[in-house]
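Have a look at the structure below before the remarks.
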Amino acid sequence: MRVLVTGAAGFIGFHTAGHLIARGDDVVGLDNVNSYYDPSLKEARLKELADRAGRDGTGRFTFLRRDLTDQAAVNAAFAEHGFDRVIHLAAQAGVRHSISHPHDYVQANIVAFTNILEACRHSETTHLTYASTSSVYGANTKMPFSEHAGVDHPLQFYAATKRANELMAHSYSHLFGLPTTGMRFFTAYGPWGRPDMALFLFVRKIMAGEPIQLFNNGNHSRAFTYIDDIVESIVRLSDKTAAPDPDWSPDAPDPATSNAPFRIYNIGNATPVRLNDYVDLIEQELGKKAIREYLPLQPGDVPESIADVSSFEKATGYHAATPVKEGVAKFVEWYRSYYGV
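What the sequence shown shows, in my numbering, is residues 1 to 341, in sequence order.
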């Protein structure tokens with residue numbers, strides 16, 4: 001197949017593109033390679049994808065350096081390449097950044113997604129799979145978080161834009177029969193990760209002897225999910241085209257399904273880990289103690305995030321179960337190799 005992966009220079013997009021190339025799909029990666037974090041890391045990911053492609057049994061990789069907010073550029077990409085499926089992972093990420101730079105999220109998460117939806121509609125794309133986030137659960141406190149519960153109280157603008165994506169997708173599924181599947185990721189981590197995420201920050205600072213900041217006094221619980229589990233989940237859902245739910249009722253509407261070809265799934269590790277325990281594992285791998293600076297809960301943060309993944313496991317037969325200790329070890333190994341430390 002020919003698959004469009006947006007955000008191919010990003011953390012999850014890079015790994016997803018690599019997985020598809022390895023299984024023989026032709027991948028077109030699209031990214032504007034912006035400077036939200038170190039562009040050289042993004043360029044290194046793209047070089048790695050180009051190096052992997054074209055070998056025996058692998059698919060090809062074509063990279064398009066384009067901005068998804070440019071509707072003409074998006075339409076031209078669809079017209080030129082004729083995608084069988086679309087995996088939309090490009091977004092402006094970052095909870096705290098959205099508090100100070102909300103307009104970045106309107107452009108990257110709302111305008112760009114509108115362009116993707118329109119292009120998929122007019123090209124009759126067979127399935128659009130797109131990234132959402134566990135942050136949409138916001139003020140919800142009933143654990144574990146379930147896709148079948150309402151999510152109408154986001155605590156930051158980032159989450160609000162991703163929830164908007166889910167609603168926008170449903171409208172296109174209903175109006176135009178476009179099959180869409182939204183994926184609510186729970187705290188992805190692993191090699192080639194984002195420098196602004198906890199694991200990357202902690203490793204860098206601990207190795208440099210700098211203090212690390214632990215908000216909520218390190219008592220957060222998160223469903224840390226290793227990148228290989230995230231990618232396997234993405235690909236399995238992309239292969240499983242969304243269809244109408246025959247049991248869906250407008251009198252008791254299920255938020256995760258519809259009478260249109262629309263689905264939403266949680267993707268995460270079902271076993272939560274406290275942030276302090278996560279840091280303990282990092283210390284063990286580095287052989288060095290962290291200087292811990294304990295701080296109160298930050299605006300927009302939630303103290304606990306635990307995933308109900310039963311619907312996803314029933315739909316795909318897959319269970320994300322990479323132990324956090326193993327995942328942290330693999331990241332540290334990559335970090336030492338990539339940075340030569």
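Cβ coordinates follow ideal geometry from the N, Cα and C atoms, glycine included.
- THR114 sits in a helix when the DSSP states are folded into three classes.
- The three-state secondary structure of MET197, taken from DSSP, is coil.
- PRO246 and ILE306 have their C-alpha atoms spaced approximately 29 Å apart.
- At least 7 Å separates the beta-carbon of PHE312 from that of SER173.
- Burial of TYR226 is indicated by the presence of at least 16 other C-beta atoms within 10 angstroms of its C-beta.
- Boundaries of the beta strand (DSSP E) harbouring PRO211: 211–214, taken from the DSSP string.
- Under the DSSP assignment, PHE224 falls outside any beta strand (DSSP E); it carries neither an H nor an E label.
- Scanning its chain for C-beta atoms nearer than 7 Å, with the 5 sequence neighbours on each side dropped, one finds around THR322 the residues TYR226, ASP228 and ASP229, in chain order.
- In this structure, the CA atom of PRO102 is about 16 Å from the CA atom of ASN34.
- Under the three-state reduction of DSSP output, ALA93 falls in the coil class, being neither helix nor strand.
- Secondary structure note for MET168: its alpha helix (DSSP H) is the uninterrupted segment 157–176.
- For PHE61, the three-state secondary structure derived from DSSP is strand.
- Collapsing the DSSP output to three states places THR129 in a strand.
- Within the same chain, ILE306, ALA307 and ASP308 come within 7 Å of PRO144 by CB-CB distance, once the 5 residues on both sides are set aside.
- Taking C-beta separations shorter than 6 Å and ignoring five residues to either side along the sequence, the partners of LEU237 in its chain run THR129 and THR181, following chain order.
- Between GLY57 and GLY150, the alpha-carbon positions lie close to 44 Å from each other.
- The Cβ-Cβ distance between ASN165 and PHE113 falls below 7 Å.
- According to the DSSP secondary-structure assignment, ASN266 is paired through a beta bridge with ARG184.
- Secondary structure note for THR6: it is in no alpha helix (DSSP H), and the uninterrupted beta strand (DSSP E) holding it is 2–6.
- Around the beta carbon of ARG163, 16 or more other beta carbons lie within 10 angstroms, which makes this residue buried.
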